[in-house]
Amino acid sequence: MGGETRLPPEVSALLAELRRKGWKLILATGRDRNYVEGREDVADAFDCWVLENGMEVYLPSSRASHVYLTEGWEELRRQVLKLPFAGAKKWTFHFPKEHLGEVEKLVEKLRVQVSFKDNRGVLHALPAGVDKGVGVLKALKMLGVEGYIVALGDAMIDLDLFRVADFKAAVGNAEAEVKKEANYVAGKPNGEGASEILRKLAEGSLP
């Protein structure tokens, strides 16, 4: 869910069909909760949201939220956001890759354990040990379910999600490393590729 456009109708219909068949759908995104809450086409389609690449896990049905705050994190975020190149989300921050050295100086000064996730040239900062995969496992606990995990991704930052999945699928224009790790690669890109994968899941021809 990287773009600003609404979910294609076919994708929305397939997500609804999967839910009717008993699937639990988890959105794992780099976006924050404020953004997702403003997108009813997205917000209403999923049982749980893993936000900011794993930083927050939110259950819309009960409004329960779990945020992975660690010691010193909020002060680090406050300091980094004084820098002109840094961008803010509700709990995290991001910046162009070429400014890593400047951010690392603050990290060392404040002695905060941080990991940086590269998403197409933009580095997303998270507390060490937090990622989309960790968020999905927490989401399953909050939902009270166990079972087979199917993950759909397109970018390097989704490899953490793939790490916890039993079956991994990628759209046709996914980054090369993501395709390499995937069990199935769609023949088409973007929304068309997502529709292809979701349709096969609904039909039972995948995994």
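In my numbering, the protein residues as written are 1085 to 1291. Ideal Cβ positions, reconstructed from N, Cα and C, are used throughout, including at glycine.
**Prompt:** In three-state DSSP terms, what is N1118?
**Reply:** Of the three classes helix, strand and coil, the one that applies to N1118 here is helix, per DSSP.
**Message:** Measuring only the C-alpha atoms, how far is K1166 from L1190?
**Reply:** In a straight line, the C-alpha of K1166 is about 11 Å away from that of L1190.
**Asked** If you scan the segment 1252-1280 from start to end, which runs of the beta strand (DSSP E) of 3 or more residues do you find wholly inside it?
**Response** You should have found no qualifying run.
**Message:** Contact between the segment 1114-1125 and the segment 1171-1181 is defined here as three or more beta-carbon pairs at a separation below 8 Å; is this criterion met?
**Reply:** Judged by Cβ distances under 8 Å, the segment 1114-1125 makes contact with the segment 1171-1181, as three or more pairs qualify.
**DSSP state of P1180 mapped onto helix, strand, coil** = DSSP places P1180 in strand when its eight states are reduced to three.
**Message:** Closest to L1207 by C-alpha separation, out of K1222, K1181, G1219 and G1185, would be which residue?
**Reply:** Out of K1222, K1181, G1219 and G1185, K1181 has the C-alpha closest to the C-alpha of L1207.
**According to DSSP, residues forming a beta bridge with G1237** = Partner(s): A1254.
**Asked** From V1229 to E1186, what distance separates their C-alpha atoms?
**Response** Each residue's alpha carbon lies about 42 Å from the other.
**Prompt:** Would you report the Cα separation of K1201 and G1138, rounded to the nearest angstrom?
**Reply:** Spanning the two alpha carbons is a distance of roughly 11 Å.
**Message:** Helix, strand or coil, according to DSSP, for A1223 in the structure here?
**Reply:** Shown here, A1223 sits in a helix according to DSSP, grouped into three states.
**Request:** Identify, in the order they occur along the chain, each residue of the same chain with its Cβ nearer than 6 Å to the Cβ of D1244, setting aside the five sequence neighbours on each side.
**Result:** Closer than 6 Å at Cβ, skipping near neighbours: D1215, K1216 and G1217.
**Request:** Please say whether P1291 and L1282 have beta carbons closer to each other than 9 Å?
**Result:** Not a contact, by the Cβ cut-off of 9 Å.
**Item:** Alpha carbon of H1183 to alpha carbon of L1111, nearest angstrom
**Value:** Separation of H1183 and L1111 (C-alpha to C-alpha, rounded to the nearest whole angstrom) is 29 Å.
**Minimum C-alpha distance to V1220 - residue among V1164, A1260, A1209 and D1131** = For the options V1164, A1260, A1209 and D1131, the alpha carbon positioned closest to that of V1220 is the one of D1131.
**Message:** I'd like to confirm the pairing. Which residues does DSSP put opposite W1133 in its beta bridges?
**Reply:** Per the DSSP secondary-structure output, W1133 pairs in a beta bridge with L1111 and Y1142.
**Prompt:** At what residues does the alpha helix (DSSP H) containing F1246 begin and finish?
**Reply:** Unbroken alpha helix (DSSP H) run through F1246: L1243 to R1247.
**Prompt:** Terminal residues of the continuous beta strand (DSSP E) containing A1209?
**Reply:** For A1209, the uninterrupted beta strand (DSSP E) run begins and ends at V1206 to P1211, by DSSP.
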